[in-house]
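Read in order, the letters of the sequence shown correspond to residues 348 to 534 in my numbering.
Written below as structure tokens is the structure these notes are about.
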Amino acid sequence: ADDVTMTYHDNATLTATFTYNDESVVVPVAITVNGDARANITSTGGQITLDNLNTWAAGTYTVNFTVNTAEFKGNKSVVVTVAKATPSFTVADSMELLVGGNDNIVITEIVSDSNPVFTYVSDNDAVSVVNGLVSGVSEGSAVVTVTLAESENYTGLSKDIDVTVSKKAVVISADDVTMTYHDNATL
Numbered sequence: 348a349d350d351v352t353m354t355y356h357d358n359a360t361l362t363a364t365f366t367y368n369d370e371s372v373v374v375p376v377a378i379t380v381n382g383d384a385r386a387n388i389t390s391t392g393g394q395i396t397l398d399n400l401n402t403w404a405a406g407t408y409t410v411n412f413t414v415n416t417a418e419f420k421g422n423k424s425v426v427v428t429v430a431k432a433t434p435s436f437t438v439a440d441s442m443e444l445l446v447g448g449n450d451n452i453v454i455t456e457i458v459s460d461s462n463p464v465f466t467y468v469s470d471n472d473a474v475s476v477v478n479g480l481v482s483g484v485s486e487g488s489a490v491v492t493v494t495l496a497e498s499e500n501y502t503g504l505s506k507d508i509d510v511t512v513s514k515k516a517v518v519i520s521a522d523d524v525t526m527t528y529h530d531n532a533t534l
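So this is what it looks like as structure tokens:
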């Protein structure tokens, strides 16, 4: 068996073969992972395959295969490295607000741990953001960065939202007035 490098949730297997004089042998095998006993299995056709590696958390593991019978003995250590996976999520690319208005950042299609943690930061005081609620403080533009925190099995990820805050347009109307000099008229 050779060392295995994989990413969290990948479908990877680890196969150990047991031979003597180039012939497969059927032997009982003790398997430990980081020193903890995992199984005592008899090899089938001179092989044991661990196929549940996609359930292992990110980290580095030392897997030991040990054979110790009246007839055979042997030990093989294999390092299994499970790298953190890259998460994903979707947010809008842009958002438009009026001064005094607000809107929630909607995050969808999250691929991460079951309890993802998001933070929000604005690069301009014209836009404030608290717990995903974006508020237009004054006219201007800002970039709001949405960050998914790194977790046990996933790396962190950030995405930017371009936010534009505009002043409210006031409608001004007035009627034309015709008058003669010195008349009292109201606009």
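Backbone N, C-alpha and C fix where the C-beta goes; we use that ideal spot for every residue, glycine too.
Source: prediction; values computed, not measured.
Exercise. Along the beta strand (DSSP E) that carries residue 353, what are the first and last residues, could you check?
Key: Translated into the one-based positions of the sequence shown, residue 353 becomes position 6. Where residue 353 is concerned, the enclosing beta strand (DSSP E) stretches over 351-354.
Quiz item: Looking only at C-alpha atoms, which of 386, 507, 476, 456 sits nearest to residue 448?
Solution: Within the sequence shown, the letter at position 101 stands for residue 448. When each option's Cα is compared against that of residue 448, the closest is 476.
Quiz item: Under a CB-based cut-off of 9 Å, is residue 477 close to chain D?
Solution: The structure shown contains no chain D, having only a single protein chain.
Quiz prompt | Closest by C-alpha distance to residue 462, when choosing among 531, 395, 501, 468 | solution = For this step, residue 462 is matched to residue 115 along the sequence shown. The shortest Cα separation from residue 462 among 531, 395, 501, 468 belongs to 501.
Practice problem: Check the C-beta distance from residue 446 over to residue 512 and give it rounded, since I have them as a contact under 8 Å. | Solution: Looking up residue 446 in the sequence shown gives position 99. Looking up residue 512 in the sequence shown gives position 165. About 6 Å separates the two Cβ atoms, so the contact holds.
Quiz prompt | 6 Å Cβ shell around residue 358 - same chain, five flanking residues per side excluded | solution = On the sequence shown, position 11 is the one that residue 358 refers to. Once the five neighbours on either side are set aside, the close Cβ partners of residue 358 are 401.
Self-check item: residue 476 - containing beta strand (DSSP E), residue span
Solution: Counting from 1 along the sequence shown, the entry for residue 476 is found at position 129. Start and end: 474-477.
Practice problem: Pull up the DSSP beta-bridge partners for residue 483, would you. | Solution: By one-based count along the sequence shown, residue 483 stands at place 136. DSSP, once it has assigned bridges, lists 474 as partnering residue 483.
Quiz item: Whole-angstrom Cβ separation of residue 508 and residue 450, contact assumed at under 8 Å?
Solution: Here residue 508 is taken as the residue at index 161 of the sequence shown, counted from 1. Here residue 450 is taken as the residue at index 103 of the sequence shown, counted from 1. Their Cβ separation, rounded to whole angstroms, is 10 Å, which puts residue 508 and residue 450 out of contact at 8 Å.
Quiz item: Given 8 Å as the limit, is there contact between the region 525-532 and the region 486-499, that is, 3 or more CB pairs closer than that?
Solution: no
Quiz item: What are the partner residues of residue 412, as DSSP defines its beta bridges?
Solution: As a position in the sequence shown, residue 412 is number 65, starting the count at 1. Beta-bridge pairing links residue 412 to 378, 423.
Practice problem: Examine the Cβ distances between the region 519-526 and the region 481-489 and report whether three or more of them are shorter than 8 Å. | Solution: no
Quiz item: Less than 9 Å separating the beta-carbons of residue 540 and residue 389?
Solution: Past the edges of the chain, shown from 348 to 534, lies residue 540, and the structure says nothing about it.
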